[in-house]
Amino acid sequence: MKRLVFISFLMAYLCSSCNDCTPEVNPGTGLLVAFYSFNAEEKKYEQSNIDLAQVGGIANPQLLISRDTLLNKLALPLSEFADTTAFYFSYPESDEMDTLCVSYKRKVQVNSPDCFSYTEFSDVQIISSSFDSVFMESNIIDNDTLQKNNVQIFY
Numbered sequence: 006m007k008r009l010v011f012i013s014f015l016m017a018y019l020c021s022s023c024n025d026c027t028p029e030v031n032p033g034t035g036l037l038v039a040f041y042s043f044n045a046e047e048k049k050y051e052q053s054n055i056d057l058a059q060v061g062g063i064a065n066p067q068l069l070i071s072r073d074t075l076l077n078k079l080a081l082p083l084s085e086f087a088d089t090t091a092f093y094f095s096y097p098e099s100d101e102m103d104t105l106c107v108s109y110k111r112k113v114q115v116n117s118p119d120c121f122s123y124t125e126f127s128d129v130q131i132i133s134s135s136f137d138s139v140f141m142e143s144n145i146i147d148n149d150t151l152q153k154n155n156v157q158i159f160y
């Protein structure tokens, strides 16, 4: 009987050491974009708020922003099912629209059978853009995405 209790506790202990399925394990799918404008007084570009009416995916009808919004950073979701993703940016009280199209490599990673899988993005490249200027700061999507900009957009 003592052996049975010992084996039960041992099995419970071994089974309790599950894999880490927290969001930190998934490197994420957000392309972090920061917006910059020219400060004439200081004669340099600075991160600044841009007034956007809508932001959405061109091939995906889902809107990321659907109201007049001021922001200086935006995480754009990359498609896990295609090697390119395109976005449009529209402005309040204007018919103008800007676009940004990026390509990337995808690799499906499996944490464990418990945690399912995730898509790892690398070699992110800007294919086209209608903004004044665009700079790729980091072409890897990783756990530090929220601290490190991937793309700088100058308007």
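If you use our numbering, the sequence shown corresponds to residues 6 to 160, in order.
Ideal placement from N, C-alpha and C gives every residue a C-beta, glycine not left out.
Here the structure is a predicted model, which is why all the values come from computation and not from measurement.
Length of the line joining the Cα atoms of residue i and residue j
{"i": "residue 143", "j": "residue 154", "result": "7 Å"}
{"i": "residue 125", "j": "residue 93", "result": "24 Å"}
{"i": "residue 39", "j": "residue 120", "result": "31 Å"}
{"i": "residue 116", "j": "residue 89", "result": "25 Å"}
{"i": "residue 141", "j": "residue 99", "result": "27 Å"}
{"i": "residue 136", "j": "residue 156", "result": "12 Å"}
{"i": "residue 43", "j": "residue 130", "result": "24 Å"}
Contacts around residue i, its chain only, beta-carbon distance under 6 Å, and the 5 residues preceding and following it disregarded
{"i": "residue 127", "result": "110, 145"}
{"i": "residue 95", "result": "58, 59, 102"}
{"i": "residue 34", "result": "82, 83"}
Residue j beta carbon less than 8 Å from that of residue i
{"i": "residue 37", "j": "residue 91", "result": "no"}
{"i": "residue 84", "j": "residue 104", "result": "no"}
{"i": "residue 68", "j": "residue 54", "result": "no"}
{"i": "residue 158", "j": "residue 41", "result": "yes"}
Chain-order list of residues whose beta-carbon lies under 7 Å from that of residue i (same chain, five-residue window excluded)
{"i": "residue 70", "result": "57, 59, 60"}
{"i": "residue 97", "result": "56, 58, 73"}
Neighbourhood of residue i by C-beta distance below 8 Å, restricted to the same chain and skipping five residues each side
{"i": "residue 113", "result": "122, 123, 124, 125"}
Residue i Cβ short of 7 Å to the ligand NAP heavy atom set
{"i": "residue 36", "result": "Ligands displayed in this structure: none; no statement on the ligand NAP is therefore possible."}
Enclosing beta strand (DSSP E) for residue i [first to last residue]
{"i": "residue 145", "result": "That residue, residue 145, is in no beta strand (DSSP E); it is neither H nor E in DSSP."}
{"i": "residue 127", "result": "121-134"}
{"i": "residue 34", "result": "First-last for residue 34: undefined, no H or E at that position."}
{"i": "residue 95", "result": "89-95"}
{"i": "residue 140", "result": "138-141"}
{"i": "residue 159", "result": "156-159"}
Can you check the stretch 36-79 for any beta strand (DSSP E) of at least 3 residues that lies completely inside it and give the ranges in chain order? 49-52, 55-57, 59-62, 68-70, 74-76
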